[in-house]
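The sequence shown begins at 2 in my numbering and counts up one residue at a time.
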Amino acid sequence: MYQQYTRAHIMIEFIQGKIEDLTPTQAVLLTAGGVGYGLNISVNTFTAIQSRQEARLYVYEAIREDAHILYGFADKVERELFTLLISVPGIGGASARMILSSFTPDELQAIISSGNDALLKKVKGIGAKTAQRIIVDLKDKAVLAKSDASVPGLMPDIMTGQVADEATSAMTALGFPAAASQKVVAAILGEQPGISVQEVIRLALKRI
């Protein structure tokens with residue numbers, strides 16, 4: 002059953018600190034007060050902060066009866082898109098993060114603005130009706146602003162084994178079977194051996 006996410010007001014605007022641990026799906030930030038916060042992130046945010054020692058992540062708190070989950074975003078545009086996505090019936094935090102890992106914020110805004118539900122249907126867990134509902138509900142609300150999450154000049158990771166391991170781990174963390182994830186990641190790296198982890202994940206999300 003769909004769990005309702007609520008955000009009456011922002012309780013935590015952002016968390017800034019040293020990056021203690023980072024994967025394509027989660028970041029752990031150690032703050033000056035000695036508290037380490039674990040935040041769920043998208044591939045876009047991972048791409049933006051992977052070369053840094055410290056980061057500021059804008060926060061969305063998903064508070065439910067059975068859980069208190071923090072989502073972190075490299076900029077406010079991606080957070081706003083996340084908030085819009087979870088306002089659509091049938092879209093929870095996991096699905097919204099999956100969508101934001103499949104497309105950059107700019108790509109997603111273009112998809113919504115152009116009404117291209119066919120691309121949304123390629124995302125795991127997004128059926129035809131849900132894709133159409135996203136378009137209908139958000140077409141007039143999409144944030145028409147450029148995201149600053151992308152970081153030009155990042156060097157691609159040429160350590161293919163490490164890339165494969167990190168990409169496969171990210172895919173399984175997003176809910177895909179390990180065997181299927183390994184297969185599609187291996188196929189992508191066989192075709193494009195020099196690409197980065199985030200590019201492997203984006204391509205895998207479109208193929209699996």
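Here a beta-carbon is modelled for each residue, glycine too, at the ideal position from N, C-alpha and C.
Roughly how many angstroms separate the alpha carbons of Val198 and Val137, rounded to a whole number? Using only the alpha carbons, I get a separation of about 33 Å.
Nearest-angstrom Cα distance between Lys140 and Gly116? CA-to-CA, the gap between Lys140 and Gly116 works out to about 7 Å.
Once you ignore the five residues that flank Met160 on each side, which residues in its own chain have a CB closer than 8 Å to its CB? The pLDDT assigned to Met160 is 48, lower than 50, so where the model puts this residue is not dependable, and the model offers no usable value.
Measure how close the beta-carbons of Ala174 and Val186 come, nearest whole angstrom, since I'm counting them as under 8 Å. 13 Å between Cβ atoms; not a contact.
Assuming Thr46 and Glu81 form a contact by the criterion Cβ under 8 Å, report the distance between their Cβ atoms to the nearest whole angstrom. Thr46 to Glu81, Cβ: 14 Å. No contact.
Backbone CA spacing between Leu40 and Ala119 [nearest angstrom]: When rounded, the distance between both Cα atoms is 30 Å.
With distance defined between alpha-carbon atoms, name the residue in Ile20, Met12, Ser103 and Gly191 nearest to Ala171. Measuring from the Cα of Ala171, the nearest candidate turns out to be Ser103.
Could you pull out every unbroken beta strand (DSSP E) segment of at least 3 residues lying fully inside the region 10–51, listed in chain order? Complete beta strand (DSSP E) runs here, min 3: 15–23, 27–31 and 37–41.
Alpha carbon to alpha carbon, how far is Met12 from Glu62? Whole-angstrom Cα-Cα distance: 8 Å.
Please return the same chain residues whose Cβ sits closer than 6 Å to the Cβ of Leu85, not counting the five positions on each side in sequence. The answer, listed in chain order, is Leu139 and Lys142.
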